[in-house]
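Each protein sequence line maps, in turn, to chains A and B.
FYI, the working numbering numbers position 195 of the first sequence as 195, with every residue one higher than the one before it.
Remember, the working numbering sits 679 above the position in the second sequence when you count from 1.
C-beta atoms are modelled at their ideal positions from N, C-alpha and C, and glycine is treated no differently.
Just so you know, these numbers come straight off a predicted model, no measurement behind them.
Number of protein chains: 2
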Amino acid sequence: MFVLVIVISVLALVFAYLLAQQILKKDQGNAQMQEIASAIKEGAMAFLKRQYGTITILSIVLALLIFAIYAFSGKFSYGWHTGLAFLLGAACSAISGYVGMYISVRANLRTAAAVGKSLNEALKISLRGGAVSGFLVVALSLLGVAGLFYLFGGLKNPLEAPLLMVGFGFGASFVALFAQLGGGIYTKAADVGADLVGKVEAGIPEDDPRNPAVVADLVGDNVGDCAGRGADLFESTAAENIGAMILGIALFPVFGINGIIFPLVARAFGLVASVIGVMSVKIKEDEDPMKGLNRGYFLTTILATLGFALASYLLLTQFWVWFFLAGFVGILTSVAFVYITQYYTEYKYRPVKEIAKASETGAATNIISGFAVGLESTGLPVLVISAALLGAYFLGKFSGVPDGGLYGTAMATMGMLATCAFILAMDTFGPITDNAGGIVEMSKAPEEVRKKTDRLDSVGNTTKALTKGYAVGSAALAAFLLFSAYLQEVKLESIDLAKPVVFVGGLIGAGLIFFFSALAIRAVGRAAYYIINDVRAQFKEKPGIMAGTEKPDYARSVDICTRGALKEMILPGLTAIIVPTAVGILLGVEAVGATLMVGTIVGIVMALLLNNGGGAWDNAKKYIETGAYGGKGSATHKAAVVGDTVGDPFKDTAGPSLHVLIKLLSTLTLVLASLFLMF
Amino acid sequence: MFVLVIVISVLALVFAYLLAQQILKKDQGNAQMQEIASAIKEGAMAFLKRQYGTITILSIVLALLIFAIYAFSGKFSYGWHTGLAFLLGAACSAISGYVGMYISVRANLRTAAAVGKSLNEALKISLRGGAVSGFLVVALSLLGVAGLFYLFGGLKNPLEAPLLMVGFGFGASFVALFAQLGGGIYTKAADVGADLVGKVEAGIPEDDPRNPAVVADLVGDNVGDCAGRGADLFESTAAENIGAMILGIALFPVFGINGIIFPLVARAFGLVASVIGVMSVKIKEDEDPMKGLNRGYFLTTILATLGFALASYLLLTQFWVWFFLAGFVGILTSVAFVYITQYYTEYKYRPVKEIAKASETGAATNIISGFAVGLESTGLPVLVISAALLGAYFLGKFSGVPDGGLYGTAMATMGMLATCAFILAMDTFGPITDNAGGIVEMSKAPEEVRKKTDRLDSVGNTTKALTKGYAVGSAALAAFLLFSAYLQEVKLESIDLAKPVVFVGGLIGAGLIFFFSALAIRAVGRAAYYIINDVRAQFKEKPGIMAGTEKPDYARSVDICTRGALKEMILPGLTAIIVPTAVGILLGVEAVGATLMVGTIVGIVMALLLNNGGGAWDNAKKYIETGAYGGKGSATHKAAVVGDTVGDPFKDTAGPSLHVLIKLLSTLTLVLASLFLMF
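Structure below.
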């Protein structure tokens, strides 16, 4: 079985490579398109290079620090294992982000070139381009975890190896935090900056090639959604695998090593289901592309369910039905999250319509209404997560296996993440189609082609919103898994909120989420000033830009925005790491456990508020643009634009960074647990 | 000592009566002023009558329900004690709200009449008018708790009586919830409605007598800040008294009955300090009124500290110094909260200036910046509460008294609430001066008089913001006290967040806060539509209004807004009661304990976000109106007005309602604990 996991992961990597080759061979369109695409490509790669440069330095410093702390306190073996695992996790995350981006900034051009000929072909290219990211993320996380397990002697010593591997999850979290923060700040700073200077000051339309910030804006979509969310879900899968393996240790008397490697097998089968699902997607030329994606998603879900049942049957002895059902609860949860997110962010439904109507009385009522929708949108997901946790827990408990309850919640997490590769393919589909739209727009393609890319682009907006909902839900379940692992690690029986010290730990956890969100949102505003000033300077230096006789220096704007974003990500990033570490050292393991748990709870609801509020504002504007309440250009539309702008840093910077922060809290406390115990 | 408490409370009531008489004798200004004031008075009283009518029915139903549940399950004695205490608590809260309003809607006219002659005289009338509320709230809560204690045989059976009294706190919470919700919805619906129809549609200035909604707006200031906050702090003091008395039971072996009645004695001494503080306030004619109030606050703080020391010395045997110090921590906390709130909401400091600057680039950046400030403003208060809880806990622990730690946190709460009557006087000072400004404006008084009322009004805005900060801080400390009482009541040793059921309870607590905030904010928008439609109808029916030849029907607008607000308060109010009850019944006492604790934590940070964000937006607009960034009428100012409007339901409806919700969660779980234990 363990060999099967390795084989499937390697095959998935090979498959991703072949898929990439296939995409790269596609038609690249005309010279004008290529020129724009190459500017985006260079900008994106320059960003990644600089960003991963910073992250590499930070990672190496932290790895040495971890090693030094543990070596110094006599835990030499734990130190080097954890330090090595940390670096490996960081490296795998970085590689999957880098390669995913590499393909996505090439698939955008091919999609733009194909869309004139066939919508089906364009959909296939963009989804498969996204799938390269998706397969890579899941396969590398699987291979990394399985490889470490083998390396640390897990096949011989299955009860010890998982605890040594938590560094891998921490490494993945660490990279994800900075990837998501840096990418999120960059993308919104470029977006806001390009809009404010272009639309407001210079009076030129969106995606106009005369705007020096326009390429930075297109680059931003890639670094935020592709690299950022990829790292986010890489972390989820890695943390879930390791957390579930640790819980499997407790069930060793019942299942033997099979209970420990089960998470890897289930994930591998889910990966196969996603591959088949992605390859099955096709549409008729006049069909809504979302329908094609939905068919693929349902095929994947069914196959993943079957795979999960098979894995349970093969590995979990006579108890398999109970645990399969717990896993099925997780699969249902992911479907529920997809629907709830749609309800709150699509303009077919009441919430977004309400915001659009409120825009009639101005920007203030638009904001109030959107904020209320965001707050309200936390209710159903909270109930779904609650039901999933309790359902899976009691299914596991009723199996009769001792400690089976917690393993049941682990199953639900695995079930939720089973379709991860497909979801991620849909997510990265977003920036690819968005970029294709930009390329078509800037290369002045005919109206009918633009309409087609617009259709793909709006589907991409939906899938991006769905992935965020999915990411929050899976973060919530994965976090609960990691709590349990943490408690095992520090040998605590309870996190007793009634103790003042623990209560204070919880209070600080809630405060951290709010404070971190403030820093992330503010960072966007600051970074936007860099690019605004640069665009103003370019307009001054080259007066021919507006007349079309001179070309703006896109690369300079990209570079300035990159430096701004990377500078601004440091403060929120360090806050996220220093606060829980300080609580652990000063107030002890139980208090930091409360920081972790209350922080997770608050992080989930806050992320839902920010993601869904932002998505709803965005689509309220789009709804008005379809002609409702006066349509584009009306006072109502202007009011809705305010909400859309406010929602940008909410949904693309602070919200997604919170998913990562939640998991970082878990992996950080796990890795530093021994340190906290020393004080 | 017990007799002394009764005597001081009764004397304070007499004093409040004499103060009221003195105020009512003051000059009532000219006929025009009296006409406006009488419209406000009638509107406010009509609102209260209707509101308390609704609340009375709801209270009686709930009291009967409580009695029936317990009688049915064989706990007959507990049932009638709790039901009776509930009704008494509700009645005391209603009486103090009603009488406080009665004076405040009369003090406004006297302040307006005095301001032309002497600023000092106007300050004295308005502060003392507010003090009637403040003294009444504290004295009635003290008298109610002490009376119940006596009635339930507490002097003979001190170990049983406090637990029978929790119904008093629940009654107070229940009235406070609806008073604050109804008042908060009313005040902002009227404000937003009057502005949208008056300023935006009809193009007439604020406080213009031609606007039919203008009186409703002035009434709103009273029902929100005076009646609402009064009920809020009535609940805090009552809940704190009872909670601390319950903790005193555990220390009975050490302090005897003295430990149980200590909270009453400390509160009585604090009341005396506040009376002296209020009466000492006076200013020179050209002085900033805030300076006079600050002098009075510091005198009160010093006297309250001395009183606290004296009470500790007299009642807490040789351990008194430790517990006095714990109480002093609470007093310091209240001072810290006052300063932090000032920092985040006054335009002298960085945060508000930042928002004003962000308004230059439009409404969107104004909103983003204000939201970030609100999020950031949760950081310091969280640290202060953490430090206060831990400091007081360890002071109590180091005293060597067994279980002294929790009694230490109780001391901190008492210390924080010692100056409550003075704070409340400052708070009610706000609507009185605001109304005085409106009366002066509408009666077309000379420019120099208006300038004086503007000065008082702006001081009133500051004191209102400070009180909210104080109310959050004291709610946080009081809640921790009530947790401990709850644990004693249900005989639980811990609230273990690591159990799935308990974790789910906590998650639902966080979701409740977000969902409740959504309902509260949305209710304002809905209620505003009632008044907007009425104003539009009045303009249509009486075309002479705009020309000044016909008089608008102020009372009709007041009545419609009243009905709208009362209708809209029902849904959020019931949500607040049903959710924790359902969690308690379905998931048990430990899970609902987590709902309570996590709900409290999230409620605190959310209330801080809403209150401080709203206050900062308000003052950013005011800062620009002083001439910064283009001043009044500029595009920057228009952007800042958007933020101000968004902040209104945040800071005056949802935020203050959350203070009340936090305490309601505690008192509700305490009262229903026996019910939860049955399932």
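Suppose the cutoff is 7 Å on Cβ atoms and the five residues either side in sequence are ignored; what does the same chain contact list for residue i look like?
{"i": "G228 (chain A)", "result": "A179, Q180, G183, G184 and P656"}
{"i": "L148 (chain A)", "result": "A85, L88, M165 and F168"}
{"i": "K663 (chain A)", "result": "S173, E235, S236, A239, A475, A478 and A479"}
{"i": "A1255 (chain B)", "result": "L856, F1195, L1340 and L1343"}
{"i": "I928 (chain B)", "result": "L838, P841 and I939"}
{"i": "I246 (chain A)", "result": "P162, L163, A485 and Q488"}
Could you pull the start and end residues of the alpha helix (DSSP H) that residue i belongs to?
{"i": "L658 (chain B)", "result": "Residue 658 (chain B) lies beyond the range of chain B shown here (680 to 1358); nothing can be said about it."}
{"i": "D191 (chain A)", "result": "V166 to A194"}
{"i": "K1036 (chain B)", "result": "R1029 to A1037"}
{"i": "F931 (chain B)", "result": "F931 to F934"}
{"i": "S59 (chain A)", "result": "A31 to F72"}
{"i": "V1277 (chain B)", "result": "V1268 to E1304"}
{"i": "K803 (chain B)", "result": "L798 to L830"}
{"i": "C905 (chain B)", "result": "No alpha helix (DSSP H) holds C905 (chain B); DSSP gives it neither H nor E."}
{"i": "D1113 (chain B)", "result": "C1099 to M1121"}
{"i": "E839 (chain B)", "result": "Element bounds for E839 (chain B): n/a, residue is neither H nor E."}
{"i": "D534 (chain A)", "result": "P500 to E541"}
{"i": "Q21 (chain A)", "result": "F2 to L24"}
{"i": "I662 (chain A)", "result": "G655 to M678"}
{"i": "L380 (chain A)", "result": "G379 to F398"}
{"i": "D1327 (chain B)", "result": "A1314 to P1328"}
For residue i and residue j, I'd like the C-alpha separation in whole angstroms.
{"i": "K1170 (chain B)", "j": "A71 (chain A)", "result": "45 Å"}
{"i": "I745 (chain B)", "j": "Y1086 (chain B)", "result": "30 Å"}
{"i": "Y1165 (chain B)", "j": "A947 (chain B)", "result": "25 Å"}
{"i": "M414 (chain A)", "j": "G327 (chain A)", "result": "6 Å"}
{"i": "V579 (chain A)", "j": "L1069 (chain B)", "result": "17 Å"}
{"i": "I1111 (chain B)", "j": "Q713 (chain B)", "result": "15 Å"}
{"i": "G362 (chain A)", "j": "I1211 (chain B)", "result": "14 Å"}
{"i": "L1275 (chain B)", "j": "Y344 (chain A)", "result": "28 Å"}
{"i": "L912 (chain B)", "j": "A1144 (chain B)", "result": "15 Å"}
{"i": "V709 (chain A)", "j": "L293 (chain A)", "result": "Because chain A is modelled from 1 through 679, residue 709 (chain A) falls outside the range shown and cannot be assessed."}
{"i": "E1055 (chain B)", "j": "W617 (chain A)", "result": "23 Å"}
{"i": "L368 (chain A)", "j": "V352 (chain A)", "result": "Checking the sequence, you will find Ile at residue 368 (chain A) rather than Leu. When rounded, the distance between both Cα atoms is 13 Å."}
{"i": "L1135 (chain B)", "j": "F694 (chain B)", "result": "25 Å"}
{"i": "V472 (chain A)", "j": "A412 (chain A)", "result": "14 Å"}
{"i": "A594 (chain A)", "j": "D454 (chain A)", "result": "46 Å"}
{"i": "V373 (chain A)", "j": "G1190 (chain B)", "result": "13 Å"}
Counting only the same chain and skipping the five closest in sequence on each side, list residues whose C-beta sits under 6 Å from that of residue i.
{"i": "G83 (chain A)", "result": "A63, I66 and F67"}
{"i": "A988 (chain B)", "result": "F1003"}
{"i": "G648 (chain B)", "result": "In this structure chain B extends from 680 to 1358, so residue 648 (chain B) is not present and cannot be described."}
{"i": "F319 (chain A)", "result": "S399 and V401"}
{"i": "M416 (chain A)", "result": "G330, T333, S334, S474 and L477"}
{"i": "G43 (chain A)", "result": "V215, V219 and V558"}
Using C-beta distances below 8 Å, list every residue in its chain close to residue i, excluding the 5 sequence neighbours before and after it, in chain order.
{"i": "L48 (chain A)", "result": "G97, Y98, M101, V223 and A227"}
{"i": "L196 (chain A)", "result": "A528 and I532"}
### Query
Pairing CB atoms from the segment 1244 to 1256 of chain B with CB atoms from the segment 1194 to 1211 of chain B, are three or more of them under 8 Å?
yes
### Message
Using a Cβ distance threshold of 8 Å, determine whether the segment 374 to 389 of chain A contacts the segment 288 to 305 of chain A, with at least three qualifying pairs required.
### Response
no
#### Entry: Contact between the segment 1319 to 1330 of chain B and the segment 715 to 734 of chain B (3+ Cβ pairs under 8 Å)
no
### Query
How about the segment 498 to 516 of chain A and the segment 1153 to 1165 of chain B: do they share at least three Cβ pairs that are nearer than 8 Å?
yes
### Message
Under 8 Å: do the segment 547 to 564 of chain A and the segment 207 to 215 of chain A share three or more Cβ pairs, one atom per stretch?
### Response
yes
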